[in-house]
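K.L.:
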Amino acid sequence: MIDVQNLTKQYAGRIAVNDISFRVEPGEIVGFLGPNGAGKSTTMRILSGYMPATSGSARVAGFDVFQQSLDVRRSVGYMPEMAPLYTEMRVKEYLRFRAELKGLSGYAMRKRVGEVMELTGVNEMRRRLIGNLSKGYRQRVALADALVHQPKLLILDEPTNGLDPVQIRHVRDLLRNLKSKHTVLLSTHILHEVEQTCDRVIMINNGRIRANDTPQHLAAQMRSTTLLHIEVDGKGDLMTDLSALPGVRKVADEEQLVTPWRRFTLRVEPGNDVRDAVLELAMKQNWRIREMHRQLPTLEDVFVEFAMNAGAPSDSPTHVL
Amino acid sequence: MRIFWILLKKELHAFFVSPVAYVVLALVMVLNGFAFRAALSILESAPSEGSIVSWTFHAMWFWLSYFFIFPLLTMRLFAEEKKLGTLETLFTAPVRAWQVVGAKYLASVIVYCVLWLPSLLNFKFAHWISAGAVEVPSGAVQGAYLILIVMGMFNLAVGCFASSLTSNQIVAAILSFTLSLLHFLVGIFIMVVGRRLSDTVVNVVGYFAATEHIRIFTAGLIDSRPLIYYLSFSLLFLSFTHHVVEFRRWRP
Numbered sequence: 384m385i386d387v388q389n390l391t392k393q394y395a396g397r398i399a400v401n402d403i404s405f406r407v408e409p410g411e412i413v414g415f416l417g418p419n420g421a422g423k424s425t426t427m428r429i430l431s432g433y434m435p436a437t438s439g440s441a442r443v444a445g446f447d448v449f450q451q452s453l454d455v456r457r458s459v460g461y462m463p464e465m466a467p468l469y470t471e472m473r474v475k476e477y478l479r480f481r482a483e484l485k486g487l488s489g490y491a492m493r494k495r496v497g498e499v500m501e502l503t504g505v506n507e508m509r510r511r512l513i514g515n516l517s518k519g520y521r522q523r524v525a526l527a528d529a530l531v532h533q534p535k536l537l538i539l540d541e542p543t544n545g546l547d548p549v550q551i552r553h554v555r556d557l558l559r560n561l562k563s564k565h566t567v568l569l570s571t572h573i574l575h576e577v578e579q580t581c582d583r584v585i586m587i588n589n590g591r592i593r594a595n596d597t598p599q600h601l602a603a604q605m606r607s608t609t610l611l612h613i614e615v616d617g618k619g620d621l622m623t624d625l626s627a628l629p630g631v632r633k634v635a636d637e638e639q640l641v642t643p644w645r646r647f648t649l650r651v652e653p654g655n656d657v658r659d660a661v662l663e664l665a666m667k668q669n670w671r672i673r674e675m676h677r678q679l680p681t682l683e684d685v686f687v688e689f690a691m692n693a694g695a696p697s698d699s700p701t702h703v704l
Numbered sequence: 012m013r014i015f016w017i018l019l020k021k022e023l024h025a026f027f028v029s030p031v032a033y034v035v036l037a038l039v040m041v042l043n044g045f046a047f048r049a050a051l052s053i054l055e056s057a058p059s060e061g062s063i064v065s066w067t068f069h070a071m072w073f074w075l076s077y078f079f080i081f082p083l084l085t086m087r088l089f090a091e092e093k094k095l096g097t098l099e100t101l102f103t104a105p106v107r108a109w110q111v112v113g114a115k116y117l118a119s120v121i122v123y124c125v126l127w128l129p130s131l132l133n134f135k136f137a138h139w140i141s142a143g144a145v146e147v148p149s150g151a152v153q154g155a156y157l158i159l160i161v162m163g164m165f166n167l168a169v170g171c172f173a174s175s176l177t178s179n180q181i182v183a184a185i186l187s188f189t190l191s192l193l194h195f196l197v198g199i200f201i202m203v204v205g206r207r208l209s210d211t212v213v214n215v216v217g218y219f220a221a222t223e224h225i226r227i228f229t230a231g232l233i234d235s236r237p238l239i240y241y242l243s244f245s246l247l248f249l250s251f252t253h254h255v256v257e258f259r260r261w262r263p
């Protein structure tokens, strides 16, 4: 559905997107993840036919974004960042105008506008002026606009930006339901959203792709430590004994619980599983254990780590960090 | 073409739901009233060669309204869309740049024509109230409104261009006002220093002197040269606008 080859975009000497290549297959929901200014919006603008690339090529639904711009725009539903809308128009009026621009007319147009208003939950606001709507509703009107001509590809630039948690959940469910009919490329910096919604994540930073994998793989691949929380009751120097276990990097003594229970957090080297060793130690020392819980790294950890290393050059773009 | 009509409808709608069109209409009606009164008092005071029509369009009041109209009508056309970011939504829909430019321009021309309709009634009323004593030559009326529309088309194209250059409506308005005024001042310049210049310079500059055009057309003479001049320059400025808007798509 999307085929990007060596795409580069420069603004007055500043490189926004630097030689990126990726593909999106039909029916996929792909999340574009990266800190602000990473080049997400620029890539999306190029894909939606709004601006040209400096070099490289991009094809959307089989059409070249530069040569066949109108065909591309017909097959793409694009929702820009910040959801810009005509503030002097009413919701229904605006959506009808947009539907007509995108080639719908007559009864089919009115029916489809009704459908998308229902789908995005703006139906009760249809007679309101867009200028008087809250951010959340504007966002949804923009989403309805992107959906109205039933495009093969939806490009959504931060679709949940400015929404409350209930609305975010609503949008997420909506996107998952759309999966059967549309391919979706969305950008976000809310990691939870990506983990919940996307089949694949493309992480981009400083204009380069840093990772391109499923959310689960990314989290697993991550080289940061896993955490092990335990609650024990025992005599002796528990800290020292636990620290001596192979593979344990650091032990932190958490807050004192109701005595005699104590709570520790163990930072474990990647690739190690010390749960068995902890249990053996406990049996040997005659400790009692009432909780042991391993915390796997979340995508959030990957993201933070990767955003922290923002300046570091990467020679293996498909691998994290 | 269908897209063009949809865009035109939207632009006209934008004019008439915002207060701008009504404010300009009120302003033009008031100033025209003054211009008309000035013409009447001139005709009252002494016998004159000119008709009521030509005196109306020679009044200072008329030129005052003339310059305010164009910036007010055109300043928001592109500047507002740039500011709101809606240019991005607009150009990611399957529309061509000429459709957008054409629709915005034509909408402003239509609103401009509507602005002058009430002034036509002034002449009708004068004729009717004075039981025919005030003569309103139909040739002069036709000539005057023809040149008004064509001059308007030129200045609106200039305003369109000014609006496409910036995302600030004030800047667009000032730019369009300045360009229109400069064009007008060329004609005034000839009137002031004309005697000291050679005939060729006076003749050449006379071709684009707006005051001169008004003088000829309100006398009921229809000269094709100013018509061609204004229409071709309108096209030129519209194509500039088109290039500015389309430049985004070509900038490497």
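Protein chains in written order, with the working numbering: chain V, 384 to 704; chain B, 12 to 263. Ideal Cβ placement from N, Cα and C applies to all residues, glycine included. These numbers were taken from a predicted model, which means no experiment stands behind them.
1) For a test of the three-state rule: what should DSSP assign to Ile-573 of chain V, helix, strand or coil?
2) If you measure beta-carbon to beta-carbon, which residues of the stretch 428-447 of chain V are closer than 9 Å to chain B?
3) What is the C-beta distance between Pro-82 of chain B and Leu-453 of chain V, in whole angstroms, given that I count them as a contact (C-beta under 8 Å)?
4) What's the gap between the Cα of Ala-436 of chain V and the Cα of Gln-393 of chain V?
5) Note down, in chain order, all residues in the stretch 12-23 of chain B with a beta-carbon under 9 Å from any beta-carbon belonging to chain V.
6) Rounded to the nearest angstrom, what separates Asp-210 of chain B and Ile-225 of chain B at their Cα positions?
7) Keeping to the same chain, check which residues put their C-beta closer than 6 Å to that of Phe-244 of chain B; ignore five residues upstream and five downstream.
8) Exposed or buried, Asn-588 of chain V, counting other C-beta atoms within 10 Å across all chains shown (16 or more means buried)?
9) Grouping DSSP H, G and I as helix and E and B as strand, with all else coil, what is Asn-43 of chain B?
10) Anything in chain V within Cβ reach of Phe-280 of chain B, meaning under 7 Å, just list it in chain order.
11) Which term fits Gln-450 of chain V, buried or exposed, when burial requires 16 or more other beta carbons within 10 angstroms of its beta carbon?
12) Any beta carbon from chain V within less than 8 Å of Leu-176 of chain B's own beta carbon?
13) Would you say Lys-471 of chain V reaches chain B, if we count a Cβ-Cβ gap shorter than 8 Å as a contact?
14) Determine whether the Cβ of Val-28 of chain B lies closer than 8 Å to any Cβ atom of chain V.
15) Would you mind telling me which residues of chain A sit closer than 9 Å to Arg-260 of chain B, beta carbon to beta carbon, in chain order?
16) By a C-beta neighbour count over all protein chains shown, 10 Å radius and 16 as the cutoff for buried, is Ala-37 of chain B buried or exposed?
17) If you compare alpha carbons, which of V:Glu-411, V:Thr-470, V:Phe-480, V:Ile-412 is closest to Phe-15 of chain B?
18) Considering only residues of the same chain and omitting the five flanking positions on each side of Leu-192 of chain B, which have a CB-CB separation below 8 Å?
19) In chain order, what residues of the same chain have a beta carbon less than 6 Å from the beta carbon of Leu-628 of chain V, not counting five sequence neighbours either side?
20) Can you name the start and end residues of the alpha helix (DSSP H) that Phe-89 of chain B belongs to?
21) Let me check one thing: in DSSP terms, what residues is Lys-392 of chain V bridge-paired to?
22) Pick out whichever of B:Ile-121, B:Ile-227, B:Val-41, B:His-194 has its Cα sitting closest to the Cα of Ser-76 of chain B.
23) Distance, Cα to Cα, Asn-544 of chain V vs Pro-463 of chain V?
24) Would you list the residues sitting across from Leu-568 of chain V in a DSSP beta bridge?
25) Can we count Leu-502 of chain V as close to the ligand MG, meaning its CB is less than 7 Å from some heavy atom?
26) With a Cβ-Cβ cutoff of 8 Å, do Ser-570 of chain V and Glu-541 of chain V count as a contact?
27) Once the 5 residues before and after Asn-515 of chain V are set aside, which same chain residues still bring their CB inside 6 Å of it?
28) Who are the neighbours of Arg-481 of chain V on chain B, taking C-beta pairs under 9 Å?
29) Determine the closest residue to Leu-610 of chain V out of V:Leu-649, V:Gln-579, V:Arg-632, with distance taken between C-alpha atoms.
30) By the 10 Å Cβ neighbour count, where 16 or more other Cβ atoms means buried, how is Ser-62 of chain B classified, buried or exposed?
31) What residue range does the alpha helix (DSSP H) around Ala-155 of chain B cover?
32) Find out if the Cβ-Cβ distance for the pair Glu-99 of chain B, Tyr-433 of chain V is shorter than 8 Å.
33) Would you check if there are 3 or more beta carbon pairs closer than 8 Å linking the stretch 165-183 of chain B to the stretch 83-92 of chain B?
34) Within 8 Å of any Cβ in chain B, is that where the Cβ of Met-508 of chain V sits?
35) Could you give the C-beta distance for Gln-668 of chain V and Gly-619 of chain V, rounded to a whole number, given that I count them as a contact under 8 Å?
36) Residues of chain B with CB under 7 Å from Tyr-461 of chain V, in chain order?
P.N.:
To lay it out plainly:
1) Your numbering for residue 573 of chain V matches position 190 in the first sequence. If DSSP states are grouped into helix, strand and coil, Ile-573 of chain V belongs with coil.
2) Arg-428, Ser-431, Gly-432, Tyr-433, Met-434, Pro-435, Ala-436, Thr-437, Ser-438
3) The residue given as residue 82 of chain B occupies position 71 in the second sequence. The residue given as residue 453 of chain V occupies position 70 in the first sequence. That belief does not hold up - the Cβ atoms of Pro-82 of chain B and Leu-453 of chain V are roughly 33 Å apart, past 8 Å.
4) By 1-based counting over the first sequence, the position of residue 436 of chain V is 53. By 1-based counting over the first sequence, the position of residue 393 of chain V is 10. Roughly 8 Å between the two C-alpha positions.
5) Arg-13, Ile-14, Ile-17, Leu-18, Lys-20, Lys-21
6) For the purposes of this step, residue 210 of chain B is taken as residue 199 along the second sequence, with counting starting at 1. For the purposes of this step, residue 225 of chain B is taken as residue 214 along the second sequence, with counting starting at 1. Looking at the two C-alpha atoms, the distance is approximately 21 Å.
7) As a working mapping, residue 244 of chain B is identified with position 233 in the second sequence. So the list reads Phe-165, once near-sequence residues are dropped.
8) As a position in the first sequence, residue 588 of chain V is number 205, starting the count at 1. Counting Cβ neighbours within 10 Å, Asn-588 of chain V comes out buried, since at least 16 surround it.
9) Working through the second sequence from its first residue, we reach residue 43 of chain B at position 32. Correct three-state label for Asn-43 of chain B: helix.
10) With chain B covering only 12 through 263, there is no way to say anything about residue 280 of chain B.
11) Counting from one through the first sequence, the residue named residue 450 of chain V turns up at place 67. With fewer than 16 other Cβ atoms within 10 Å, it is exposed.
12) The count along the second sequence starts at 1 and reaches residue 176 of chain B at position 165. False, the Cβ-Cβ gap to chain V never drops below 8 Å.
13) The residue labelled residue 471 of chain V in the question sits at position 88 within the first sequence. Per the sequence presented here, residue 471 of chain V reads as Glu, with Lys not at that position. Closer than 8 Å to some Cβ of chain B, the Cβ of Glu-471 of chain V qualifies, so yes.
14) Taking the second sequence and counting its residues from 1, the one referred to as residue 28 of chain B is at position 17. Val-28 of chain B counts as touching chain V.
15) The structure shown contains no chain A; its protein chains are V and B.
16) By one-based count along the second sequence, residue 37 of chain B stands at place 26. That one is exposed.
17) Sequence index remark: in the second sequence, residue 15 of chain B carries index 4 (1-based). It is V:Phe-480 whose Cα lies nearest to the Cα of Phe-15 of chain B.
18) The residue labelled residue 192 of chain B in the question sits at position 181 within the second sequence. Correct list, in chain order: Phe-78.
19) Position 245 of the first sequence holds residue 628 of chain V. Correct list, in chain order: Val-657, Ala-660.
20) Translated into the one-based positions of the second sequence, residue 89 of chain B becomes position 78. Where Phe-89 of chain B is concerned, the enclosing alpha helix (DSSP H) stretches over 87-95.
21) Here the question's residue 392 of chain V lines up with position 9 in the first sequence. Paired residues: V:Val-400.
22) Sequence index remark: in the second sequence, residue 76 of chain B carries index 65 (1-based). The residue with the shortest Cα to Cα distance from Ser-76 of chain B is B:Val-41.
23) The residue given as residue 544 of chain V occupies position 161 in the first sequence. The residue given as residue 463 of chain V occupies position 80 in the first sequence. So the alpha carbons of these two residues sit roughly 11 Å apart.
24) To locate residue 568 of chain V, count along the first sequence from 1; it is residue 185. DSSP output for Leu-568 of chain V lists V:Val-413, V:Ile-538 as bridge partner(s).
25) Looking for the ligand MG in the displayed structure turns up nothing, as the structure carries no ligands at all.
26) Counted from its first residue, the first sequence places residue 570 of chain V at position 187. Counted from its first residue, the first sequence places residue 541 of chain V at position 158. Against a cut-off of 8 Å, the Cβ pair of Glu-541 of chain V and Ser-570 of chain V comes out as a contact.
27) As a working note, residue 515 of chain V is residue 132 in the first sequence. There are no such residues.
28) Start at 1 with the first residue of the first sequence, and residue 481 of chain V comes out as number 98. What Arg-481 of chain V touches in chain B: Thr-100, Ala-104.
29) Residue 610 of chain V sits at position 227 when you count from the first residue of the first sequence. The candidate whose alpha carbon is nearest that of Leu-610 of chain V is V:Leu-649.
30) Locating residue 62 of chain B in the second sequence gives position 51, counting from the first residue. Flag for Ser-62 of chain B reads buried.
31) Here residue 155 of chain B is taken as the residue at index 144 of the second sequence, counted from 1. Counting along the chain, the alpha helix (DSSP H) containing Ala-155 of chain B begins and ends at 149-176.
32) Here the question's residue 99 of chain B lines up with position 88 in the second sequence. Here the question's residue 433 of chain V lines up with position 50 in the first sequence. In this structure, Tyr-433 of chain V lies closer than 8 Å to Glu-99 of chain B by Cβ.
33) yes
34) In the first sequence, residue 508 of chain V corresponds to position 125, counting from 1. False, the Cβ-Cβ gap to chain B never drops below 8 Å.
35) Position 285 of the first sequence holds residue 668 of chain V. Position 236 of the first sequence holds residue 619 of chain V. About 6 Å separates the two Cβ atoms, so the contact holds.
36) As a first step, residue 461 of chain V must be located in the first sequence, where it is residue number 78. What Tyr-461 of chain V touches in chain B: Thr-103.
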